[in-house]
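Colleague: Counted the way the working numbering counts, the sequence shown spans residues 3 to 427.
Cβ atoms here follow ideal geometry from the backbone N, Cα and C, with glycine treated the same way.
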Amino acid sequence: MSFDAVDVIRTKRDKGELSDGQIDWVIDAYTRGDVADEQMSSLAMAILLNGMTRREIARWTAAMIASGERMDFAKLSRPTADKHSTGGVGDKITLPLAPLVAACGVAVPQLSGRGLGHTGGTLDKLESIPGWRAALSNAELMNQLEDVGAVICAAGDGLAPADKKLYALRDVTGTVEAIPLIASSIMSKKIAEGTGALVLDVKVGTGAFMKDLADARELAETMVALGTDAGVRTVALLTDMSTPLGLTAGNALEVRESLEVLAGGGPADVVELTVALAAEMLAAAGVTDVDPAEKLRDGSAMDVWRRMIAAQDGDPDADLPVAPEQHVVKAEQSGVLSRLDALAVGVAAWRLGAGRARKEDPVSPVAGIELHAKPGDEVTAGQPLLTLHTDDASRFDRALESLADAVDIGTAYEKQPLIIDRVTA
Ligand code: URA
């Protein structure tokens with residue numbers, strides 16, 4: 003059936019509900035180029051302003067899935083589970099998590115993206131490992147999942163092409179922040195990817211997409227409902243992103259920290275979240291008799307990591323690159339570090355070269371920020387708080403501008419839980 007794009011826009015502009023037919027048509031026609039960018043951006047803005055019902059979001063998601071291929075892992079000898087994070091500063095959890103869950107007997111098909119803006123992308127991090135290759139054919143992906151159990155690779159162009167086009171349009175039309183559009187964008191790709199179980203890490207705080215808890219909860223509930231209705235066992239954790247995760251933000255720096263976690267050490271918050279998400283993925287995949295913390299301690303997760311990196315031509319023994327230029331930021335007074343702002347650190351890491359402004363931009367493997375203290379730690383005046391890493395010393399000034407108001411040192415600190423809540427269907 004054919005509709006008129008202007009009628010579809012008017013329906014949403016006037017706070018009406020789009021019919022299933024209108025949604026199927028507009029997504030298909032936009033993907034084919036029959037609905038123009040200016041019409042789709044007008045519709046996206048009407049959705050941002052007036053919202054969508056659960057039915058509309060479910061149909062919109064289904065239409066985006068139908069725009070491309072759908073993968074199927076049913077032939078694998080083990081169950082599958084995946085994780086998606088809405089993105090944060092220092093969020094390297096996928097790196098230790100995928101091999102850890104595989105070491106526990108569940109296959110992890112992690113189709114990832116590159117970073118845009120102040121949050122880093124998993125592929126950018128792994129590309130700091132000499133030789134490692136992000137692009138795999140579907141046959142290579144299947145073989146690696148069967149042999150190694152974990153794959154982190156680039157999502158192919160065939161998955162939800164409607165979302166690819168729409169996300170690029172939203173990025174330049176101020177319409178990224180619409181919860182129905184974020185939820186359908188993420189879930190169309192994850193459902194098309196074919197995972198049996200999915201755990202969502204929905205970040206809340208200054209360094210996250212969602213700055214407040216009510217919005218994060220609404221996004222989590224919407225995505226959990228979409229996944230569940232599509233037959234994917236889906237759970238979400240709401241987790242804190244007011245301060246960076248771990249002690250590093252930046253590509254090679256985060257790989258190094260992930261290796262510490264896989265070796266049984268690493269920062270407590272990274273270990274806590276990795277183990278909690280692993281436990282959720284295992285439970286959602288029906289595996290309840292393996293303790294993921296033990297598989298980190300006994301080296302099994304590290305063994306899978308090494309095989310996973312080597313299978314994609316990376317050298318797990320190669321030295322990681324190190325920044326030629328470093329600058330230390332010191333504490334201005336003594337006391338308790340009461341705030342270290344995630345967004346400021348993320349923007350500073352990005353200005354040092356760790357992230358990209360446009361999706362075609364290159365990223366630096368070595369750029370980023372190392373933290374020497376976390377909120378709650380006692381610090382003394384003059385002690386190093388942060389080390390900035392870059393290939394280009396002219397970048398320090400702009401990075402330091404972003405950090406100008408990033409730190410508070412006081413007398414007290416009230417610890418916030420890292421895992422704020424859990425959302426199920
Ligand atoms: N990530 C996505 O994949 N889509 C969005 O809309 C936002 C974040």
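The ligand URA and residue 396: does any heavy atom of the ligand fall closer than 7 Å to the residue's C-beta?
Modeller: Sequence index remark: in the sequence shown, residue 396 carries index 394 (1-based). Checking every heavy atom of the ligand URA against the Cβ of residue 396, none is found closer than 7 Å.
Colleague: Are there three or more Cβ pairs, one per stretch, closer than 8 Å when the stretch 125 to 142 is compared with the stretch 155 to 169?
Modeller: Yes: the two stretches touch, three or more of their Cβ pairs being nearer than 8 Å.
Colleague: Output the boundary residues of the beta strand (DSSP E) element that contains residue 183.
Modeller: What you label residue 183 is simply residue 181 of the sequence shown in a count that begins at 1. Note, residue 183: premise wrong, no beta strand (DSSP E); alpha helix (DSSP H) at 181 to 195.
Colleague: Applying the criterion that 16 or more other CB atoms from any shown protein chain within 10 Å of the CB defines a buried residue, is residue 179 buried or exposed?
Modeller: Along the sequence shown, read from residue 1 onward, the residue named residue 179 stands at position 177. So residue 179 ends up on the exposed side.
Colleague: For residue 269, which residues from the same chain have a beta carbon less than 6 Å from its beta carbon, with the 5 sequence-adjacent residues on both sides left out?
Modeller: On the sequence shown, position 267 is the one that residue 269 refers to. Cβ within range, chain order: 248 and 249.
Colleague: On the DSSP bridge assignment, give the partners of residue 111 in chain order.
Modeller: As a working mapping, residue 111 is identified with position 109 in the sequence shown. Answer by DSSP bridge pairing, in chain order: 153.
Colleague: May I ask which residues mark the beginning and end of the alpha helix (DSSP H) holding residue 256?
Modeller: Numbered from 1 along the sequence shown, position 254 holds the residue referred to as residue 256. Counting along the chain, the alpha helix (DSSP H) containing residue 256 begins and ends at 253 to 264.
Colleague: Indicate the three-state DSSP secondary structure (helix, strand or coil) for residue 221 in the structure shown.
Modeller: Position 219 of the sequence shown, counted from the first residue, corresponds to residue 221. Of the three classes helix, strand and coil, the one that applies to residue 221 here is helix, per DSSP.
Colleague: With a 10 Å radius around its C-beta and 16 neighbouring C-beta atoms as the bar for buried, classify residue 93 as buried or exposed.
Modeller: Looking up residue 93 in the sequence shown gives position 91. Residue 93 is buried by the Cβ-count criterion.
Colleague: Per DSSP, what are the beta-bridge partners of residue 238 in this structure?
Modeller: Here residue 238 corresponds to residue number 236 of the sequence shown, with the count starting at 1. 202 and 425.
Colleague: Counting along the chain, where does the alpha helix (DSSP H) carrying residue 29 start and finish?
Modeller: The sequence position of residue 29 within the sequence shown is 27, counting from 1. First-last of the alpha helix (DSSP H) with residue 29: 22 to 34.
Colleague: Do residue 151 and residue 292 have their C-beta atoms within less than 8 Å of each other?
Modeller: Indexing the sequence shown from 1 puts residue 151 at position 149. Indexing the sequence shown from 1 puts residue 292 at position 290. No, they are not a contact pair.
Colleague: Assuming residue 369 contacts residue 355 (C-beta within less than 8 Å), just tell me the rounded distance between them.
Modeller: What you label residue 369 is simply residue 367 of the sequence shown in a count that begins at 1. What you label residue 355 is simply residue 353 of the sequence shown in a count that begins at 1. Yes, they are in contact, since the Cβ atoms of residue 369 and residue 355 sit about 4 Å apart, within 8 Å.
Colleague: From which residue to which residue does the beta strand (DSSP E) around residue 411 run?
Modeller: Indexing the sequence shown from 1 puts residue 411 at position 409. From DSSP, the beta strand (DSSP E) with residue 411 extends over 409 to 412.
Colleague: For the beta strand (DSSP E) that residue 392 lies in, which residues bound it at each end?
Modeller: As a working mapping, residue 392 is identified with position 390 in the sequence shown. Counting along the chain, the beta strand (DSSP E) containing residue 392 begins and ends at 386 to 392.
Colleague: Measuring CA to CA, which of 226, 425 and 350 is closest to residue 241?
Modeller: Locating residue 241 in the sequence shown gives position 239, counting from the first residue. Minimum Cα distance to residue 241 is reached at 425.
Colleague: Assuming residue 154 contacts residue 252 under a Cβ cut-off of 8 Å, what Cβ separation, rounded to an integer in Å, is found between them?
Modeller: Here residue 154 refers to the residue found at position 152 of the sequence shown. Here residue 252 refers to the residue found at position 250 of the sequence shown. At roughly 18 Å, the Cβ-Cβ gap does not stay under 8 Å, so residue 154 and residue 252 are not in contact.
Colleague: Distance, Cα to Cα, residue 390 vs residue 328?
Modeller: Along the sequence shown, read from residue 1 onward, the residue named residue 390 stands at position 388. Along the sequence shown, read from residue 1 onward, the residue named residue 328 stands at position 326. Residue 390 and residue 328: Cα-Cα distance of roughly 5 Å.
Colleague: Confirm the yes/no value for this check: CB of residue 169, any heavy atom of the ligand URA, distance under 7 Å.
Modeller: Here the question's residue 169 lines up with position 167 in the sequence shown. Flag set: Cβ of residue 169 near the ligand URA.
Colleague: Terminal residues of the continuous alpha helix (DSSP H) containing residue 373?
Modeller: Here residue 373 corresponds to residue number 371 of the sequence shown, with the count starting at 1. Run containing residue 373: none in the alpha helix (DSSP H); it sits in the beta strand (DSSP E), 370 to 373.
Colleague: Closer than 5 Å is what we want: which residues have a beta carbon that near any heavy atom of the ligand URA? List them in chain order.
Modeller: Ordered along the chain, the selected set is 184, 187 and 188.
Colleague: Give the straight-line distance between the Cα atoms of residue 109 and residue 284, rounded to the nearest whole angstrom.
Modeller: In the sequence shown, counting from the first residue as 1, residue 109 sits at position 107. In the sequence shown, counting from the first residue as 1, residue 284 sits at position 282. Each residue's Cα considered, the two are about 10 Å apart.
Colleague: If you compare alpha carbons, which of 403, 25 and 264 is closest to residue 102?
Modeller: Here residue 102 is taken as the residue at index 100 of the sequence shown, counted from 1. That would be 264, whose Cα lies nearest to the Cα of residue 102.
Colleague: Is it buried or exposed for residue 19, if we count other Cβ within 10 angstroms and need 16 for buried?
Modeller: Residue numbering aside, residue 19 sits at position 17 when the sequence shown is read from its first letter. Under this definition residue 19 is an exposed residue.
Colleague: Taking the alpha carbon of residue 224 as the point to measure from, which residue in 211, 183 and 191 has its own alpha carbon closest?
Modeller: Working through the sequence shown from its first residue, we reach residue 224 at position 222. The shortest Cα separation from residue 224 among 211, 183 and 191 belongs to 183.
Colleague: Residue 177 and residue 202 look like a contact to me (Cβ under 8 Å); what is the Cβ gap, rounded to whole Å?
Modeller: To locate residue 177, count along the sequence shown from 1; it is residue 175. To locate residue 202, count along the sequence shown from 1; it is residue 200. The pair is not a contact, with the Cβ atoms about 22 Å apart (cut-off 8 Å).
Colleague: Considering only the beta carbon of each residue, do residue 232 and residue 33 sit closer than 8 Å?
Modeller: Numbered from 1 along the sequence shown, position 230 holds the residue referred to as residue 232. Numbered from 1 along the sequence shown, position 31 holds the residue referred to as residue 33. No, the Cβ-Cβ distance between residue 232 and residue 33 is not below 8 Å.
Colleague: In chain order, which beta strand (DSSP E) runs of at least 3 residues are fully inside the stretch 268 to 347?
Modeller: 327 to 332 and 337 to 342, all fully within the stretch 268 to 347.
Colleague: For residue 41 and residue 420, what's the separation of their Cα atoms in angstroms?
Modeller: For the purposes of this step, residue 41 is taken as residue 39 along the sequence shown, with counting starting at 1. For the purposes of this step, residue 420 is taken as residue 418 along the sequence shown, with counting starting at 1. Rounded to the nearest angstrom, the two C-alpha atoms are 41 Å apart.
Colleague: In chain order, what residues of the same chain have a beta carbon less than 8 Å from the beta carbon of residue 185, not counting five sequence neighbours either side?
Modeller: Taking the sequence shown and counting its residues from 1, the one referred to as residue 185 is at position 183. Closer than 8 Å at the Cβ level, and outside the excluded window around residue 185, lie 59, 63, 221, 224, 225 and 228.
Colleague: For a test of the three-state rule: what should DSSP assign to residue 166, helix, strand or coil?
Modeller: For the purposes of this step, residue 166 is taken as the residue at position 164 of the sequence shown. If DSSP states are grouped into helix, strand and coil, residue 166 belongs with the helices.
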